[in-house]
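The next block holds one structure in the form of structure tokens; read it before the comments.
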Amino acid sequence: MEVILQNLTKTYPGRGKKRGEAVTAVRDFTFRIPDGTLIGLLGPSGCGKSTTLNLISGLTKPTSGRIFFGEDDVTDLPPELRGIGLVFQNYALYPHLTVQQNILFPLENRKGKDRLSKTDMVKKAMEVARLVQIQELMDRKPGELSGGQQQRVAIARALVKMPRVLLLDEPLSNLDARLRLQTREEIRRIQKETGITTIFVTHDQEEAMSISDKIVVMNGGVVMQTGSPQEVYDNPENLFVARFLGNPPINVFKGQVTDHRLYIGHEAVLPLSGTRSPQVPSGEVYVGIRPEGFLPDPNGPFTCQQKSVEVMGRDITVVSANPASVNPTVRSVIDGEHMADVRKPVVRFSLRPGKVFLFDKQTEQRIPFLPVPITDGGLR
Amino acid sequence: MKQKPIYRNINHLKGWLYLLPALLFLGVFLVYPLIDVFIYSVEEGYNSASQTYFGIGTYNYSYVLHDPYFLQAVKNTFLLVIITVPLSTGIALLISVGLHSVKPLRELFQTVYFLPYVTNTLAVGLVFMILFKKTAYSDGFVNLIIRWFGGSSVDFIDGPYWAKMFVLCFYTIWVVMPFKILILTSALASVNQDYYQAAQVDGTPRLRIFLRITLPMISPMIFYLVITGFIGAFKAYSDAVALFGTNLNAAGMNTIVGYVYDMLYGDSGGYPSYAAAAAILLFAIVLTITTINLLASDKKAGL
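Protein chains in written order, with the numbering used here: chain A, 1400 to 1779; chain B, 97 to 399.
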């Protein structure tokens, strides 16, 4: 089911001392979620992603804007009439009911002609239990299950009524690291097998990037950027998105554009000229460089004071310092074969232009420039 | 034979040392009196002035069990328990659910419902007198209402047995309600809202939410209230005194605890052996009922 959010806004009245000041949790959210996709709503705590999920579920009513499931305008429908499955962060499994009773619960709510016979209900419950691979646990109580198993039961309970849209609120945050990896693949598989449009909320960029077809990055109730994980990673529209995605995080420097050259500190690190390139106005900028954007180069234009080298196996991480850096340290991930080049107090890098982003100092919006290939001569 | 390592014995001693204060207090104030009461109850013809008795046997029990006043007290107590415990718990549950679902004025209502709890029993008794008692000047407030609807007035304090029982039950329910409401509202508030949201998303009817989610979630608290309610109602005495005065046997409204008191200190008193026998009987009854309650709740929890 295609889900369309149209200018969705949710404001809460201020309380206590802030009476009169409305708090905007979600502002003017417009997004089209194609049928059968897995969407990750990503952002830091308090960015409005959970509110957005609740708006889609119907547990919260929007202040303005409309929500469509396909052709249906569901904005004024209560949750139970929207045909959604919702998996809560803490799973909200009924502790006094067995796994099977939990999964049957939504089916038993139905009345009249929608109500299935007891055997059909059990058959259906077994079907979803098989899908999420918990068929051996049907007679257990939720308290006797591990976190990962509880998660599966919660997904099964949400899926058993064949929802049009499946919503997951921080589905992995209550699991340990190993289980998290396993479960996110599991969510991906279940979503692919059922083909149900799925929206999940997370603050973990890695989680969102790894399984989503598309991600929506939010901050302060506003959508920062949408797109496939790779698109958003490769082309962040603003400094926030650039900093939020990627691990290790992007390195940010205070820079200066003068004469179509990018300076970090007093070093001209990248040429911005070239006939095809749009003009980059001179002035102060923020420069974001992905950790993989550094190439060790004995003659490179960019120098850093090496502090330590972390060997990760295939790659090595060079932790270094640069006076113009906004982050306390500069982290660069380079190929293991360059080990000899970086094991010295001062490391020189040249930069991959595709991994370098410029942002306006005031608006923090991306300033586009067409990279000049390094082989063009550049500065040398 | 293996010799026990000596440090284990020392640890045992230490453990007992830590337990000593509690054991001492419980022993002196709980276990010893219980044993003493039991001893009294089997000493036949005990004379408290000379501290002598004729022999040991079950005569005291058979006397008490054949005493019409005691049988009346047992009947009154059982009626009180059977009527007030389920009713007060049920009504308290209804009120708590109501309080839980209304937003405006909730705190005011909570205060109002809590007032009987902090009010003195005898003061409440006085209020009930005004409500129910017939005097030379008025028939009481309730009779006023009854006549308003065309009924004939009833003497609730000195009248027929059912009327007196009604007042006693009404009074008991009214007095125990605040505590139950307090416990139940906090039990209701402690149920995670996510369960309700999950149920709402699944389109669960309200009654089903209450029966399948709310009730099981707060059932431990309900069991607690039922058990303490049973025990409390079995121990009822002051309520009856507040309503019907100290001569409860004459009013036919005595309770088991009242009977024990009368046997000890009442006008017809001075029989510690009979009192002890009655007390032991009450103990046996309460123990049995509580055990049944606990077994039932264990079975329910184990489902």
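Glycine residues also receive a C-beta, built at the ideal position from the N, C-alpha and C atoms.
| Nearest chain B C-beta to A/Thr1674 closer than 8 angstroms, yes or no? | Any reading at A/Thr1674 must be qualified, since the residue scores a pLDDT of 49, below 50, and its modelled position is unreliable; no value is offered.
| query | First and last residue of the beta strand (DSSP E) that includes A/Lys1613? | reply | 1613 to 1618
| request: Can you tell me the Cβ-Cβ gap for B/Ser144 and B/Leu284, rounded? I've got them flagged as a contact below 8 angstroms. | output: That pair is no contact at about 51 angstroms.
| Would you say B/Ala285 faces chain A, with C-beta separation under 8 angstroms as the test? | no
| Listed in chain order, which residues of the stretch 1489 to 1511 of chain A have Cβ atoms closer than 7 angstroms to some Cβ of chain B? | Going along the stretch 1489 to 1511 of chain A in chain order, one finds Asn1489, Ala1491, Tyr1493, His1495, Phe1504, Pro1505, Asn1508 with a Cβ nearer than 7 angstroms to chain B.
| task | Report the rounded CA-to-CA distance for B/Val409 versus B/Tyr292, giving the unit in angstroms. | result | Missing from the structure shown is residue 409 of chain B; chain B here goes from 97 to 399 and no further.
| query | What is the rounded straight-line gap between the Cα of A/Lys1409 and the Cα of A/Val1729? | reply | 39 angstroms
| field | B/Ala294 - containing beta strand (DSSP E), residue span | value | Taken as a continuous stretch (DSSP letters only), B/Ala294 belongs to no beta strand (DSSP E), being part of the alpha helix (DSSP H) at 289 to 297.
| query | Rounded to a whole number of angstroms, what is the C-alpha to C-alpha distance between A/Glu1666 and B/Gln289? | reply | 58 angstroms
| field | 8 angstroms Cβ shell around A/Leu1558 - same chain, five flanking residues per side excluded | value | Gly1484, Val1527, Leu1530, Val1531, Leu1565, Ile1589, Thr1593, Ile1595
| query | If the cut is a Cβ gap below 9 angstroms, which residues of chain E does A/Leu1485 touch? | reply | Looking for chain E here will not work: the only protein chains present are A and B.
| said: Which residues in chain A have a C-beta closer than 7 angstroms to the C-beta of B/Ile314? List them in chain order. | reply: Correct list: empty, because the minimum Cβ distance to chain A is about 11 angstroms.
| task | Determine whether the Cβ of B/Asp290 lies closer than 8 angstroms to any Cβ atom of chain A. | result | Chain A, which has a Cβ nearer than 8 angstroms to the Cβ of B/Asp290, makes this yes.
| said: By the DSSP assignment, the alpha helix (DSSP H) with B/Asp335 in it spans what residues? | reply: Note, B/Asp335: alpha helix (DSSP H), 334 to 340.
| task | Mind checking which residues open and close the beta strand (DSSP E) that includes B/Ser197? | result | Secondary structure note for B/Ser197: it is in no beta strand (DSSP E), and the uninterrupted alpha helix (DSSP H) holding it is 164 to 197.
| message | Tell me which residues share the same chain as A/Leu1578 and place their Cβ nearer than 7 angstroms to its Cβ, disregarding the 5 neighbours each side in the sequence. | response | Gly1546, Gly1547
| query | Counting only runs that start and end within the stretch 206 to 287 of chain B, where is the alpha helix (DSSP H) found for 4 or more residues in a row? | reply | Here the runs fully enclosed are 217 to 228, 237 to 244, 257 to 285.
| message | Please report the distance separating the alpha-carbon of B/Leu391 from that of A/Pro1494. | response | In a straight line, the C-alpha of B/Leu391 is about 21 angstroms away from that of A/Pro1494.
| query | Out of curiosity, what's the CA-to-CA distance linking A/Gly1457 and A/Leu1567? | reply | 14 angstroms
| Outcome for B/Val198 when other beta-carbon atoms lying within 10 angstroms are tallied against a minimum of 16 | exposed
| message | Which residue marks the beginning of the beta strand (DSSP E) containing A/Pro1670, and which one marks its end? | response | Per DSSP, A/Pro1670 belongs to the beta strand (DSSP E) from 1666 to 1670.
| request: Give a yes or no on contact between the stretch 240 to 255 of chain B and the stretch 169 to 178 of chain B, applying the rule of three or more CB pairs nearer than 8 angstroms. | output: no
| field | Reduced DSSP category for A/Arg1588 - H, G, I as helix; E, B as strand; rest coil | value | DSSP places A/Arg1588 in helix when its eight states are reduced to three.
| task | Under the assumption that A/Thr1702 contacts A/Arg1747 (Cβ atoms under 8 angstroms), give the Cβ distance between them as a whole number of angstroms. | result | 5 angstroms
| query | Does the separation of the CB atoms of B/Asp335 and B/Leu264 fall below 8 angstroms? | reply | Closer than 8 angstroms, so yes.
| field | Same chain only: Cβ atoms within 7 angstroms of B/Arg243, ignoring 5 sequence neighbours per side | value | Ser249
| Taking only beta-carbon atoms, is B/Ile318 less than 8 angstroms away from chain A? | No, B/Ile318 does not count as interfacial toward chain A.
| query | DSSP puts A/Ser1731 in a beta bridge; with which residues? | reply | A/Val1717
| task | Starting from the beta carbon of B/Pro117, find every residue of chain A whose beta carbon is closer than 7 angstroms, and list them in chain order. | result | Near B/Pro117 there are no residues of chain A at all, since even the closest Cβ is about 37 angstroms away, more than 7 angstroms.
| message | Rounded to the nearest angstrom, what separates B/Asn345 and B/Phe166 at their Cα positions? | response | 9 angstroms
| query | At a Cβ threshold of 8 angstroms, is B/Arg304 touching chain A? | reply | Cβ-Cβ to chain A under 8 angstroms: yes for B/Arg304.
| message | Please identify the residue among A/Pro1700, A/Cys1446, A/Ser1719, A/Glu1470 whose C-alpha is closest to the C-alpha of A/Val1708. | response | A/Ser1719
| request: Please report the residue range of the alpha helix (DSSP H) in which A/Met1623 lies. | output: It is not in any alpha helix (DSSP H) - A/Met1623 instead sits in the beta strand (DSSP E) that spans 1621 to 1626.
| task | Could you tell me if A/Asn1646 is buried or exposed, where buried requires 16 or more neighbouring beta carbons within 10 angstroms of its beta carbon? | result | exposed
| request: Please determine, among B/Ile381, B/Ala374, B/Thr384, B/Gly366, the residue with the shortest C-alpha to C-alpha distance to B/Ser146. | output: B/Gly366
| said: Tell me the rounded alpha-carbon separation between B/Leu399 and A/Met1623. | reply: Note that B/Leu399 has pLDDT 44, beneath the 50 cutoff, so the model's placement of it is unreliable and no number is given.
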